[in-house]
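Every position in the sequence shown, counted from 1, becomes a number in the numbering used here once 1 is added. Backbone N, C-alpha and C fix where the C-beta goes; we use that ideal spot for every residue, glycine too. Notes to accompany the following structure.
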Amino acid sequence: MLFVEGVNQFYGESQALWALSLSVPEGSCTCLMGRNGVGKTTTLEAVMGLLPIRSGRIRFQDQVLSSSPAESRAKNGIAYVPQGRRIFARLTVEENLRIGLSTNSGARGRKALERVLELFPVLGEMMHRFGGDLSGGQQQQLAVGRALVLEPTLLILDEPTEGIQPNVVHEIGDTILRLNRDAGLSVLLVEQKLPLARRVADRFYVLDKGRSVAEGLIDELSDSIVAQYLTV
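The following block contains the structure:
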């Protein structure tokens, strides 16, 4: 479904990604892993068109996205939940959700919103609350819900459990499993919590200094790889 092919990305003259290649098969949950600062968020932002790439190619389904504008990615079926959630704190829950309906309007959009409220009932109870007044876990649900009203075929999540209390981390894992395995939504996930990654993902890539250094099925994520590239 998604192919990143030999991508090189620079911040000024500093190279962040080095001939990076990875793929996300349709229906999979692929986890991108690595220590802080190795290029995980940079990869996601390059996929979303938020950062330009110097060379290489990014393909989604049958379309080359490498030079297309960022706003076109949502229309192509990619939804992105960035690190830190980035909801609109001074807009209500309803207003945050309706922002996603700008590219999915009409009866279809209303149906998508209904499905989001079925998935996250607490949002339906807080439609007129400001986003900034929600707990961290509720804000994460709002951020995911805002992405889902687009009815994406690929959902990209950047550290969805960051700053979330442990009992809510399990709920977020449940949500990812439900979306991926029950609803068939393809997922590209950046996640630092190894138990969660092992629970929800079926494939992994490990980055180190902007390069892919290990990949495979999640059951092939060995203790030696963890020790070499993931432990602090």
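Quiz item: What number of angstroms, rounded off, separates the C-alpha of Lys-76 from the C-alpha of Leu-3?
Solution: For the purposes of this step, residue 76 is identified with residue 75 of the sequence shown, where counting begins at 1. For the purposes of this step, residue 3 is identified with residue 2 of the sequence shown, where counting begins at 1. Their backbone Cα atoms lie some 15 angstroms apart in a straight line.
Original post:
With 16 other CB atoms within 10 Å as the buried threshold, where does Thr-232 fall?
Top reply: In the sequence shown, counting from the first residue as 1, residue 232 sits at position 231. With fewer than 16 other Cβ atoms within 10 Å, it is exposed.
In the DSSP assignment, what are the bridge partners of Arg-179? As a working mapping, residue 179 is identified with position 178 in the sequence shown. Bridge partners of Arg-179: none, in fact.
Report task. Determine the DSSP secondary structure at Ser-225, reduced to helix, strand or coil. Result -> Residue 225 sits at position 224 when you count from the first residue of the sequence shown. Here Ser-225 sits in helix by DSSP.
First and last residue of the beta strand (DSSP E) that includes Gln-16?
The sequence position of residue 16 within the sequence shown is 15, counting from 1. Here the beta strand (DSSP E) through Gln-16 covers 15-25.
_Output needed for Arg-55: all residues of its chain with C-beta closer than 7 angstroms, excluding positions within five of it in sequence on either side, in chain order._
Position 54 of the sequence shown, counted from the start, is the residue given in the question as residue 55. Excluding positions up to five away in sequence, the list reads Asn-9, Gln-10, Phe-11.
Margin query: I'd like the list of long-range same chain contacts for Gly-133, defined as Cβ closer than 6 angstroms, with 5 residues on each side in sequence excluded.
Written below: In the sequence shown, residue 133 corresponds to position 132, counting from 1. Spatial neighbours of Gly-133 in its own chain (CB-CB distance under 6 angstroms, excluding positions within 5 residues in sequence) are listed in chain order as Ala-90.
Check your understanding: Which of helix, strand or coil does DSSP assign to Leu-120?
Key -> In the sequence shown, residue 120 corresponds to position 119, counting from 1. Looking at Leu-120 - three-state DSSP - the assignment turns out to be helix.
field: Validate contact between the segment 142-152 and the segment 112-121 using beta carbons, cut 8 angstroms, 3 pairs
entry: yes
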